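J.:
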Amino acid sequence: MTIASTNPATGETLKTFPPDSDAVIEQKLEKAASAAKQWRRTSFAERAQRMSRAAAILEQRKDALGRLMTLEMGKLRKAALAEIEKCASGCRYYAENAERHLAPEAVQTDARRS
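For what it's worth, the working numbering labels the leading residue of the sequence shown as 6, then goes sequentially.
1) What is the residue span of the beta strand (DSSP E) that residue 20 lies within?
2) Report all residues from its chain with a CB closer than 8 Å to the CB of residue 24; omit the five preceding and five following residues, and keep chain order.
3) What are the partner residues of residue 11, as DSSP defines its beta bridges?
4) For a quick check, are the C-beta atoms of residue 61 and residue 93 less than 9 Å apart?
5) By how many angstroms is the C-alpha of residue 99 removed from the C-alpha of residue 111?
6) Report the CB separation of residue 13 from residue 78 in whole angstroms; it is logged as a contact under 8 Å.
7) Label residue 69 either buried or exposed according to how many other C-beta atoms from any shown protein chain fall within 10 Å of its C-beta, with 16 as the threshold for buried.
8) Going by other Cβ atoms of all chains shown within 10 Å of its Cβ, with 16 needed for buried, is residue 89 buried or exposed?
9) Since residue 39 contacts residue 97 with CB under 8 Å, what's their CB separation in whole angstroms?
10) Of all the alpha helix (DSSP H) runs that stay within the bounds of the stretch 47 to 86, which reach a length of 4 or more residues?
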């Protein structure tokens, strides 16, 4: 059995992928959990740098990614490019504002426990 990426407009198979075994999936999940723990310990400055880099990569590869989205999803090219630009903009927004949004904040409440 293989997993196929198919052009919805033509039915053409663009690429096939072998499915991962249960062991490989488990290994990938463990790696993702480890990366999430490491990310929590990453400084805001480093996070901002990485998010800015992600935005730059999206912008650099916009044409190729747009073509791929059009082939794999049947999106109009204009819509695909707009989605990529929106993702890049989101990355830049969080690079610039994450520290402020994630800063500890005291909240006044009458509750005894939260």
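For each residue, glycine too, the CB sits at the ideal point set by N, CA and C.
No experiment lies behind these values; they were computed from the predicted model shown.
T.: Well, looking at it:
1) Position 15 of the sequence shown holds residue 20. Segment 18 to 22, the beta strand (DSSP E) holding residue 20.
2) The count along the sequence shown starts at 1 and reaches residue 24 at position 19. Contacts found: 6, 7 and 8.
3) By 1-based counting over the sequence shown, the position of residue 11 is 6. Looking at the DSSP assignment, residue 11 forms a beta bridge with 18.
4) Residue numbering aside, residue 61 sits at position 56 when the sequence shown is read from its first letter. Residue numbering aside, residue 93 sits at position 88 when the sequence shown is read from its first letter. Yes.
5) To locate residue 111, count along the sequence shown from 1; it is residue 106. To locate residue 99, count along the sequence shown from 1; it is residue 94. Computed Cα separation, rounded: 22 Å.
6) As a first step, residue 13 is located in the sequence shown; it is residue number 8 there, counting from the start. As a first step, residue 78 is located in the sequence shown; it is residue number 73 there, counting from the start. Between residue 78 and residue 13 the Cβ distance is about 7 Å, and since that is below 8 Å, they are a contact.
7) Taking the first residue of the sequence shown as 1, we reach residue 69 at position 64. So residue 69 ends up on the exposed side.
8) Taking the sequence shown and counting its residues from 1, the one referred to as residue 89 is at position 84. By the neighbour-count rule (16 or more Cβ atoms within 10 Å), residue 89 is buried.
9) As a first step, residue 39 is located in the sequence shown; it is residue number 34 there, counting from the start. As a first step, residue 97 is located in the sequence shown; it is residue number 92 there, counting from the start. Actually they are not in contact, since the Cβ atoms of residue 39 and residue 97 sit about 27 Å apart, beyond 8 Å.
10) 49 to 65 and 67 to 78
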